[in-house]
Amino acid sequence: VASQQGVAKVFGPGDACVIPGGFTGLFEVLEPVKKHYVFIERSLF
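Residue numbers for the sequence shown, in full-length UniProt numbering: 1 to 45.
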């Protein structure tokens, strides 16, 4: 996952991440993966 600002993170099997609202960037998938999404429209804090 690479943000438009150039910050990149690599994730592997068993990893999870939280993408903030308004994120703009690139998801590069190198092999088949299973993804699970949760969308929350309100602030958690």
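We put the beta carbon where it would ideally sit given N, CA and C, even for glycine.
Discussion item. Using the three-state DSSP reduction, which class does leucine 30 fall into: helix, strand or coil?
Written reply: Taking the sequence shown and counting its residues from 1, one reaches residue 30 at position 30. The three-state secondary structure of leucine 30, taken from DSSP, is coil.
Practice prompt. Report the rounded CA-to-CA distance for lysine 9 versus arginine 42, giving the unit in angstroms.
Written response: Here residue 9 refers to the residue found at position 9 when the sequence shown is read from its first residue. Here residue 42 refers to the residue found at position 42 when the sequence shown is read from its first residue. Going by the C-alpha atoms only, they are around 25 Å apart.
Practice prompt. Could you tell me which residues DSSP pairs with glycine 25 in its beta bridges?
Written response: Along the sequence shown, read from residue 1 onward, the residue named residue 25 stands at position 25. BP columns for glycine 25 point to Ser3.
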